[in-house]
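Going by the working numbering, the residue at position 345 of the sequence shown is 345; the numbering climbs one at a time, nothing skipped.
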Amino acid sequence: MGAAPAPARTGANADTAIPVPPTSRAGVHPRTSRTRGVLVVCSIAAFMAFLDATIVNIAFPSIHRSFPHVATSWLSWVLNGYNIVFAALLVPAGQIADLVGRRRVFMVGLAMFTAASAACAGAGSSELLIALRAVQAAGAALVVPAALALVLGELPAHRRIAGVTLLSASAAVAAAVGPPLGGVLVRASSWRLVFLVNLPLGAAAWLVGRRALREQRDPEHGEVPDIPTVVLLTIAVGLLALGVTQGPDWGWDDPRILGSFAAAVGLLALVAARPRGREYGTERLFLRLRSVRTANLAVVVFAAAFYAKILTDVLFLTSVWGYSVLEAGAAITPGPLFTVLLAAPAARLARRRGLGPTSGLGAIVYACGCAWYALRAGTSAHYAADWLPGTVLTGAGIALAFPTLTAAAVYALPGRLYGTGSAVNSTARQLGGVLGIAGAVAIVGHAGTVGPHHVFVAAWYYEAIAAGLTALGALWLARVERAEGRGGPRATAPA
1 MGAAPAPART GANADTAIPV PPTSRAGVHP RTSRTRGVLV VCSIAAFMAF
51 LDATIVNIAF PSIHRSFPHV ATSWLSWVLN GYNIVFAALL VPAGQIADLV
101 GRRRVFMVGL AMFTAASAAC AGAGSSELLI ALRAVQAAGA ALVVPAALAL
151 VLGELPAHRR IAGVTLLSAS AAVAAAVGPP LGGVLVRASS WRLVFLVNLP
201 LGAAAWLVGR RALREQRDPE HGEVPDIPTV VLLTIAVGLL ALGVTQGPDW
251 GWDDPRILGS FAAAVGLLAL VAARPRGREY GTERLFLRLR SVRTANLAVV
301 VFAAAFYAKI LTDVLFLTSV WGYSVLEAGA AITPGPLFTV LLAAPAARLA
351 RRRGLGPTSG LGAIVYACGC AWYALRAGTS AHYAADWLPG TVLTGAGIAL
401 AFPTLTAAAV YALPGRLYGT GSAVNSTARQ LGGVLGIAGA VAIVGHAGTV
451 GPHHVFVAAW YYEAIAAGLT ALGALWLARV ERAEGRGGPR ATAPA
């Protein structure tokens, strides 16, 4: 990498910066075509990682038919294992990316994820499929924080909000379209095609990434991770995800669930009690920046509303309105489309008005969409009048809320911690997702034992309340940002 200094920064970002590549003339950012390549590659990678968190769910019955003698509780680890391993490994993966280089970690993770996807498609036993899903999740954990860190390090300060918006919108759209896309692929062939769809995407991203991505790390300020703390946090997050994911199946009073929660709390207490010396600067920084803490907490709550709604909508359309999986996918599609269309305007609004107000507006719009479903979607199918307005509102809310909360969670961090900060934010998103799905399952029931219409109304109100709590958190975030004296993204916008 070149020795040209990064642009001057203010506030929390002033203490360190990631070196940027040399330019052809002073003040000019690297070629737009290469920057676009970075955005495309990282967006594809994020799309793949979050797509696999939901696309396999709809293929589960088909997988079960391929392994008819395997117990459902055991085979469910094809689904739950991915989410647990993904959540548990994000933080150490982000720290490794900051330490050894984000491009290197990204490319290794992308190759691992793509190869594991191909192997999953050919798995001949449930044990092998579950193991390969864990490898796939490990690759995703390497890719996601490195991708966001690469985008943050590549773009100048006034364009970072737009870059984060693109990446976050890609992840949200992937999670939303996963179930309907999985239904189309399973119907066209079999569950194996659900994994093969990653191959062309992964190969294209890897080939373009070799040319477009440049290595990023800050060796002068890079900290060797506190290994005991990283191990304790990884196990604690894994146990927490295990308890929340398996709670609906095993029962919330099952000793295994209670033990998982108790062990997770105990490990987190050990982390909090560990002495804080100079080598623990990363942990102190995360604790000191209230905007980072507030944004990540808001992400947990909004992710709970988001992932709960994905499950609620698919079950409602297929069980109450009698839609096929393909029809349900078509009915849900306008929401993700609006998320994509509004991503760029949302980024511009965030730069003008600030991250907190924009994410708060998005959460309110999303809550209104959930409330619309609860008030209008009845037992008779009236798509245009009762469903379409709700999916448009929630799609717009996602575009406004998710990317800006993600940006707020990493914006105040110094460049040397982009990978770690991105990992913490992705972990918050994953934990919120498993919490939201657990809540939706508790209210609505499993796909095979769906309750009557009124339970879906309750689920949509549950999601609207979670979005409303996110809006309150976003308002507090705006206040915190003013108190920290950073002025939000507007402070670094060009004149």
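The beta carbon of each residue, even a glycine, is placed where N, CA and C say it ideally should be.
| Asked | Found |
| --- | --- |
| What is the C-beta distance between residue 62 and residue 168, in whole angstroms, given that I count them as a contact (C-beta under 8 Å)? | Residue 62 to residue 168, Cβ: 31 Å. No contact. |
| I'd like to know whether the C-beta atoms of residue 152 and residue 292 end up nearer to each other than 9 Å. | no |
| So is residue 390 buried or exposed if we call it buried at 16+ other beta carbons inside 10 Å? | buried |
| Once the 5 residues before and after residue 425 are set aside, which same chain residues still bring their CB inside 7 Å of it? | 296, 299, 406, 409 and 410 |
| State yes or no: is the C-beta of residue 45 within less than 9 Å of the C-beta of residue 86? | no |
| Output yes or no for whether 9 Å exceeds the beta carbon distance between residue 466 and residue 359. | no |
| Could you give the DSSP three-state label for residue 323: helix, strand or coil? | coil |
| Are the CB atoms of residue 216 and residue 102 within a distance shorter than 9 Å? | yes |
| Can you give the beta carbon distance from residue 308 to residue 436, rounded, assuming they're within the 8 Å contact cut? | 4 Å |
| Any contact of the stretch 170-179 with the stretch 326-343, i.e. 3+ C-beta pairs under 8 Å? | yes |
| If you compare alpha carbons, which of 385, 393 and 368 is closest to residue 342? | 393 |
| Go through its chain and collect everything with a Cβ distance to residue 186's Cβ below 6 Å, but skip five positions before and after it. | 59 and 62 |
| Using DSSP with H/G/I as helix, E/B as strand and the rest coil, what is residue 386? | helix |
| Straight-line CA distance for residue 139 to residue 159? | 28 Å |
| Expressed to the nearest angstrom, what Euclidean distance is found between the alpha-carbon atoms of residue 502 and residue 415? | Since the first residue shown for the chain is 1 and the last is 495, residue 502 is missing from the structure and cannot be characterised. |
| CB residue 243 to CB residue 264, shorter than 9 Å? | yes |
| Using only alpha-carbon positions, find the residue among 120, 157, 252 and 208 that is nearest to residue 193. | 120 |
| Write down the C-beta distance between residue 404 and residue 362 rounded to the nearest angstrom, noting that I regard them as a contact closer than 8 Å. | 7 Å |
| Give the secondary structure of residue 234 by DSSP, where H, G and I count as helix, E and B as strand, and everything else as coil. | helix |
| When you compare only the Cα positions, how much space is there between residue 256 and residue 69? | 25 Å |
| When the Cβ atoms of the stretch 363-380 are set against those of the stretch 143-152, are three or more pairs found closer than 8 Å? | no |
| From residue 422 to residue 461, what distance separates their C-alpha atoms? | 30 Å |
| Which residues in the same chain have their Cβ closer than 7 Å to the Cβ of residue 67, if we skip the five residues on either side of it in sequence? | 75 and 126 |
| Leaving out the 5 sequence neighbours to the left and right, which residues in its chain are closer than 8 Å to residue 238 when beta-carbon positions are compared? | 84, 85, 87 and 88 |
| Assign residue 124 to one of three DSSP states: helix, strand, or coil. | coil |
| Closer than 6 Å by C-beta to residue 162: which residues in its own chain qualify, once you throw out the five before and the five after it? Chain order, please. | 347 |
| Are the Cβ atoms of residue 199 and residue 114 separated by less than 9 Å? | yes |
| For the stretch 354-417, which segments carrying the beta strand (DSSP E) assignment without a break, of at least 3 residues, lie completely within its bounds, in sequence order? | none |
| Relative to the C-alpha of residue 171, which candidate in 43, 373, 319 and 313 has its C-alpha closest? | 43 |
| CB residue 481 to CB residue 355, shorter than 9 Å? | yes |
| To the nearest angstrom, how far is the alpha carbon of residue 54 from that of residue 269? | 32 Å |
| Nearest-angstrom Cα distance between residue 443 and residue 320? | 15 Å |
| Can you tell me the Cα-Cα spacing of residue 128 and residue 311, whole angstroms? | 27 Å |
| Consult DSSP for residue 497 and reduce its assignment to one of helix, strand or coil. | Any question about residue 497 goes unanswered here, given that the chain covers just 1 to 495. |
| Where residue 41 and residue 290 are concerned, what is the direct C-alpha to C-alpha distance, given to the nearest angstrom? | 32 Å |
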